[in-house]
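Number of protein chains: 2
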Amino acid sequence: MSQLDNLLNPKSVAVIGASDKTGRIGFVVVNSLIQGGFSGPIYPVNPRLTRLLDIPAFPSIGSVPGEVDLAIIVLRKELVLKAMEDCGRKGVRAVIVMSSGFSELGDDEAEEALTSKARQYGMRFLGPNCAGYAAPWESVYASFENRVQTGNLGFISQSGAMCAVFLALARAEGLGLSIFVSYGNAADVGPDELLKYLSKHEPSHLIVGYLEGLVQRQARKFLSAARSITPHKPVLVLKPGTTGAGTRAIASHTGALAGEQAIYSGAFRQAGILQANTLYEFIDACKTLTTLPLPSGNRVAIMTNSGGPGVLAVDACARVGLSVPRFESSFMQHLNEILPPSCSVDNPVDVGPEGNEGTYQQIVQLLLANNEVDIVLVVCVPPAFSDIRAITKAVIAAKRTCTSKPLVTCWMAGDIVAESLPLLERATIPNFPTPQRAATALSFLVRRARWLSNLPKTES
Amino acid sequence: MSQLDNLLNPKSVAVIGASDKTGRIGFVVVNSLIQGGFSGPIYPVNPRLTRLLDIPAFPSIGSVPGEVDLAIIVLRKELVLKAMEDCGRKGVRAVIVMSSGFSELGDDEAEEALTSKARQYGMRFLGPNCAGYAAPWESVYASFENRVQTGNLGFISQSGAMCAVFLALARAEGLGLSIFVSYGNAADVGPDELLKYLSKHEPSHLIVGYLEGLVQRQARKFLSAARSITPHKPVLVLKPGTTGAGTRAIASHTGALAGEQAIYSGAFRQAGILQANTLYEFIDACKTLTTLPLPSGNRVAIMTNSGGPGVLAVDACARVGLSVPRFESSFMQHLNEILPPSCSVDNPVDVGPEGNEGTYQQIVQLLLANNEVDIVLVVCVPPAFSDIRAITKAVIAAKRTCTSKPLVTCWMAGDIVAESLPLLERATIPNFPTPQRAATALSFLVRRARWLSNLPKTES
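One line per chain: the protein sequences are G and V, in this order.
Here the first sequence is numbered in my numbering, starting from 809 and rising by one per residue.
Here the second sequence is numbered in my numbering, starting from 809 and rising by one per residue.
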């Protein structure tokens, strides 16, 4: 059992500062716990309430009848330390402090007082200045952020708002979460411990971190924890504050010193951590890393029905270190025999606007079967007279002939291809709206595969 | 009257190779012309048809009763030269050759034969290997691509498929087109002439080009035409094939030699042409360039309700050369008086998750009124308890107090903010889903403003 089980998988939860005003965090958190189907007792604490949302409320944490694994404090700053003391006396095992106004605004003293208090009573605590967490597989929604789709991404973030942003991006891309944790100022529980917890958390297949300025001691511990985890489970991070101006902004937001981009990037790479630079890279890498097999190399075969997007795809691959090699002459000859003379049989294979479902199925299957191809990127810009649903089904059928190579699609032209996207999603073929996003997402698979193959054999 | 008026604003159109099979280009083009409300006579030409879509068809172009400004040829390659000859004899003034299989597949000879034939009869022609064009303001849909929303972007592209992609991107972003032209192999009419035509084309406020590998002579003429246009009308291009691998792919697609990225970039910059690197940059720049005033400088004020996205926005600004300076101390003091102590009054101004519509309206107004701010970027990640519609309306109201500075929003968290996006669109406030896209789109305004301000006074 992990030290963090009382925090992240509690049997009972109290909410100190529960409220009956629907707009308040103290209401939303209690409501989230109930709506989320938490299986143990929930204890709203507020001296002015006797019931809240059809369950009994209590005037103080001390007056709660049963044991309390986790107390969530949503009081204003001045009241937090006293509540922490009460929790300690009650024997509460873990605490989340959502309240803000501590080290992030320069009040290190108040934050240290919380840490001492927690230590005095042997309580672990998350925050302050955090949004809590939601663990859909355990049915614990200990947050005011409850719009979570269940899946296999374990997400940790200093920032609570970034949890909301990530959740929305995930929803839009059909990705679900196994857990998200907002650790705020990390006065006690920090990203390193969460990383370790997630490495053992079965439903989490990919650990995803939004690391806004790790302070030095945090960074060392995080990197050290990562080194032993990344050989077994992939870890992906987005670290903002990579510019001088961003660093200054971070300092004012979290009180943490954002390090030099190059130093972090090198350290991440050494620890086997995959680093994204933008939100799109971040979510797109989640898509490929959780659904596709790792490739044996970086050789991409591109199929397209239009030259322009084909060239954009080649450019995009080159920018992220993927190779788009020419095919062997025997393979080109074979393509020449199959395709009409107006098609280009080089890589990209350009089947032209008249390329139909039959063409797509046949060519994708040949590319997947080609030993000199590690990855297949299929581009389609459907002309007005083509049947994109049929082409989509053809690609899905072709993909079934080879499950060991990653294949992604780039169905371009927005609304025109929209109705075919759910088909791709059901067939777990990641689709991207632009060649750049497709290529970048694929490059994370290559990075991961390379890193694993360079590990000493005993570790892998 | 421009030399290209017969081509791009014809009074009568014939379609040689018209078809009654709904899947064929020869059908789609005739249908597009009719559905698009073309005001002059349309003459389908096909020896096997007497009527098509309720209008009379003709066995040959020679048998068409009236004058023909424009003939669209959609025959297979072998029949094109003969059709061109027939057009010449008939006195047709301009031709579009959609058929492919010419220089893009190495058959320069066949292409030169077309050019000679056109010259012999004094006809101008577009193509071969092109998708034609659509000019919604003139109600001419001379293309198989007819899903065009009317607006003020004039788009030219070698690739027909890229027209489809661009149209879809534009639709998704609420942008409309004044015209699109696919010029294919540009055997006669090339991008330089189209650029000149669009410079005089009233409905086109921004000229947008997807330039897939300009051959040298084309490039020289294009740049020379641009130099006299960009002081008066902005020109934005996306030029793929900017990597070695991409260059090779282009050669096989269009037969054109893609030049070195650095040479082109320098030449574009000198000619005042704005260059995008990815499809998102391309469409996002269209959004800011067509809706916002030009800024006096590059100083961005960022307002956010969450630190994390604020830092991402600062990083994004720094990456594209926008400055996010600290505010004057008197201004910070003023913000301090207005905002609760938990807020950060630096740039970004972080009003925290409790920032409501009142906060947004007040702060945005102050930022717009601040003389040391050239551009305002407003970020919002709505917490579950906030009212994003009210916040949106507040920002719209604030924007009305100052129409001389560009303001964009970055409403993050996808589906959560979706219902408020139409409000922003109606208020012509460009919105972007990520800080990176917002900052990049703004940077194009700054580039344009800088270039204009560096022009000799006589030219500007």
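Glycine is no exception: its CB is placed at the ideal position from the N, C-alpha and C atoms.
So that I know if they touch, is there some Cβ in chain V lying closer than 9 Å to that of residue 966 (chain G)?
Translated into the one-based positions of the first sequence, residue 966 (chain G) becomes position 158. Judged by the 9 Å Cβ criterion, residue 966 (chain G) is in contact with chain V.
Residue burial classification, residue 1252 (chain V) (beta-carbon count within 10 angstroms, cutoff 16):
By one-based count along the second sequence, residue 1252 (chain V) stands at place 444. Buried.
For residue 1160 (chain V), the three-state DSSP class (helix, strand or coil):
Residue 1160 (chain V) sits at position 352 when you count from the first residue of the second sequence. DSSP places residue 1160 (chain V) in coil when its eight states are reduced to three.
With a threshold of 16 other CB atoms inside 10 Å of the CB of residue 1040 (chain V), please say whether the residue is buried or exposed.
Along the second sequence, one-based indexing puts residue 1040 (chain V) at 232. With fewer than 16 Cβ atoms within 10 Å of its Cβ, residue 1040 (chain V) is classed as exposed.
Contacts of residue 1161 (chain V) in chain G (Cβ-Cβ under 8 Å)
The residue labelled residue 1161 (chain V) in the question sits at position 353 within the second sequence. 968, 969, listed in chain order.
For residue 1169 (chain V) and residue 1202 (chain V), the rounded distance between their alpha carbons:
Position 394 of the second sequence, counting from 1, holds the residue named residue 1202 (chain V). Position 361 of the second sequence, counting from 1, holds the residue named residue 1169 (chain V). Going by the C-alpha atoms only, they are around 5 Å apart.
Which of the three DSSP states, helix, strand or coil, is assigned to residue 811 (chain V)?
Locating residue 811 (chain V) in the second sequence gives position 3, counting from the first residue. Coil, per DSSP.
DSSP three-state assignment for residue 958 (chain V), whether helix, strand or coil:
For this step, residue 958 (chain V) is matched to residue 150 along the second sequence. In the structure shown, residue 958 (chain V) sits in a strand (DSSP, three-state: E or B).
What is the rounded straight-line gap between the Cα of residue 791 (chain V) and the Cα of residue 929 (chain V)?
Given a span of 809 to 1268 for chain V in the structure shown, any question on residue 791 (chain V) remains unanswerable.
Identify, in the order they occur along the chain, each residue of the same chain with its Cβ nearer than 6 Å to the Cβ of residue 1067 (chain G), setting aside the five sequence neighbours on each side.
Residue mapping note: residue 1067 (chain G) aligns to position 259 of the first sequence, counting from 1. The pLDDT assigned to residue 1067 (chain G) is 49, lower than 50, so where the model puts this residue is not dependable; a value taken from the coordinates is nonetheless given after this. Nothing listed; no residue qualifies.
Is the shortest distance between the beta-carbon of residue 1223 (chain V) and the beta-carbons of chain G less than 9 Å?
Stepping through the second sequence from its first residue, residue 1223 (chain V) is reached at position 415. Yes, because at least one Cβ of chain G sits closer than 9 Å to the Cβ of residue 1223 (chain V).
Can you tell me where the alpha helix (DSSP H) with residue 1240 (chain G) in it begins and where it stops?
Here residue 1240 (chain G) corresponds to residue number 432 of the first sequence, with the count starting at 1. DSSP places residue 1240 (chain G) outside any alpha helix (DSSP H), giving it a letter other than H or E.
Host beta strand (DSSP E) of residue 913 (chain G) (start-end):
Numbered from 1 along the first sequence, position 105 holds the residue referred to as residue 913 (chain G). Where residue 913 (chain G) is concerned, there is no enclosing beta strand (DSSP E), given that its DSSP letter is neither H nor E.
Distance, Cα to Cα, residue 962 (chain G) vs residue 1197 (chain G)?
As a first step, residue 962 (chain G) is located in the first sequence; it is residue number 154 there, counting from the start. As a first step, residue 1197 (chain G) is located in the first sequence; it is residue number 389 there, counting from the start. Annotation: residue 962 (chain G) to residue 1197 (chain G) spans about 33 Å, alpha carbon to alpha carbon.
Against chain V, does residue 1249 (chain G) count as a neighbour if the rule is that its beta carbon must be under 9 Å from one of theirs?
Within the first sequence, residue 1249 (chain G) is the residue found at index 441, counting from 1. It does not; no Cβ of chain V falls within 9 Å.
Under 7 Å Cβ to Cβ from residue 861 (chain V), same chain only, skipping five residues before and after it: list those, please.
Walking along the second sequence from the start, residue 861 (chain V) turns up at place 53. Same-chain partners within the cutoff: 838, 839, 842.
Proximal residues of chain G, C-beta to C-beta of residue 831 (chain V) below 7 Å
Position 23 of the second sequence holds residue 831 (chain V). Here the neighbours are 1193.
When you compare the stretch 1021-1037 of chain G with the stretch 996-1011 of chain G, are there three or more beta-carbon pairs, one atom per stretch, that lie closer than 8 Å?
yes
Would you say residue 985 (chain G) faces chain V, with C-beta separation under 9 Å as the test?
Residue 985 (chain G) sits at position 177 when you count from the first residue of the first sequence. False, the Cβ-Cβ gap to chain V never drops below 9 Å.
Interface flag, residue 954 (chain G) vs chain V, CB-CB below 9 Å:
As a working mapping, residue 954 (chain G) is identified with position 146 in the first sequence. So, interface residue.
Output yes if chain G places a C-beta closer than 9 Å to the C-beta of residue 838 (chain V); else output no.
By one-based count along the second sequence, residue 838 (chain V) stands at place 30. Closer than 9 Å: no.
Could you tell me which uninterrupted alpha helix (DSSP H) segments, each at least 4 residues in length, are contained entirely in the stretch 1066-1092 of chain V, listed from first to last along the chain?
Segments of the alpha helix (DSSP H) lying fully in the stretch 1066-1092 of chain V: 1069-1078.
Please decide whether residue 917 (chain G) counts as near chain V, where near means a Cβ-Cβ distance under 9 Å.
On the first sequence, position 109 is the one that residue 917 (chain G) refers to. It does not; no Cβ of chain V falls within 9 Å.
Quick check for students: name the residue ranges of the beta strand (DSSP E) that lie wholly in the stretch 1196-1247 of chain V, counting only runs of 3 or more.
1215-1219
Quick check on residue 1263 (chain V): buried or exposed, where buried means 16 or more other Cβ atoms within 10 Å of its Cβ?
Taking the second sequence and counting its residues from 1, one reaches residue 1263 (chain V) at position 455. For residue 1263 (chain V), the number of other beta carbons within 10 angstroms of its own is below 16, and it is reported as exposed.
Near residue 1079 (chain G), which residues of its chain fall below 7 Å by C-beta distance, leaving aside the five closest residues on each side in sequence?
To locate residue 1079 (chain G), count along the first sequence from 1; it is residue 271. The answer, listed in chain order, is 1031, 1034, 1035, 1038.
Quick test of the definition: if touching needs 3 or more C-beta pairs under 8 Å, does the stretch 957-974 of chain G touch the stretch 1207-1219 of chain V?
no
If I measure Cβ to Cβ from residue 1225 (chain V) and keep anything under 7 Å in the same chain, skipping five residues before and after, which residues do I get?
By one-based count along the second sequence, residue 1225 (chain V) stands at place 417. The answer, listed in chain order, is 1190, 1196, 1219.
Can you grab the Cα-Cα spacing for the pair residue 1046 (chain V) / residue 1095 (chain V), in whole Å?
Numbered from 1 along the second sequence, position 238 holds the residue referred to as residue 1046 (chain V). Numbered from 1 along the second sequence, position 287 holds the residue referred to as residue 1095 (chain V). Roughly 15 Å separates the two Cα atoms.
Between residue 1228 (chain G) and chain V, is the shortest Cβ-Cβ distance under 9 Å, so that the two count as touching?
If you number the first sequence from 1, residue 1228 (chain G) lands on position 420. So, not an interface residue.
Would you give the residue range spanned by the alpha helix (DSSP H) that residue 837 (chain V) belongs to?
Locating residue 837 (chain V) in the second sequence gives position 29, where the first residue counts as 1. Per DSSP, residue 837 (chain V) belongs to the alpha helix (DSSP H) from 833-843.
Closer than 7 Å at the beta carbon, the chain G residues around residue 1088 (chain V)
Taking the second sequence and counting its residues from 1, the one referred to as residue 1088 (chain V) is at position 280. Close to residue 1088 (chain V), with beta-carbon spacing below 7 Å, are these residues of chain G in chain order: 1242.
Residue from G:947, G:933, G:916 with nearest C-alpha to residue 850 (chain G):
On the first sequence, residue 850 (chain G) is found 42 positions in, with the first residue counted as 1. Ranking G:947, G:933, G:916 by Cα distance to residue 850 (chain G) puts G:947 first.
Using a C-beta cutoff of 9 Å, does residue 979 (chain G) count as contacting chain V?
Numbered from its first residue, the first sequence carries residue 979 (chain G) at position 171. Judged by the 9 Å Cβ criterion, residue 979 (chain G) is in contact with chain V.
Find the nearest neighbour of residue 1102 (chain G) within the set G:1249, G:939, G:913, G:918, judged by alpha-carbon distance.
Locating residue 1102 (chain G) in the first sequence gives position 294, counting from the first residue. Ranking G:1249, G:939, G:913, G:918 by Cα distance to residue 1102 (chain G) puts G:1249 first.
Since residue 938 (chain G) is in the alpha helix (DSSP H), which residue starts that stretch and which ends it?
Here residue 938 (chain G) refers to the residue found at position 130 of the first sequence. Here residue 938 (chain G) belongs to no alpha helix (DSSP H), and DSSP marks it neither H nor E.
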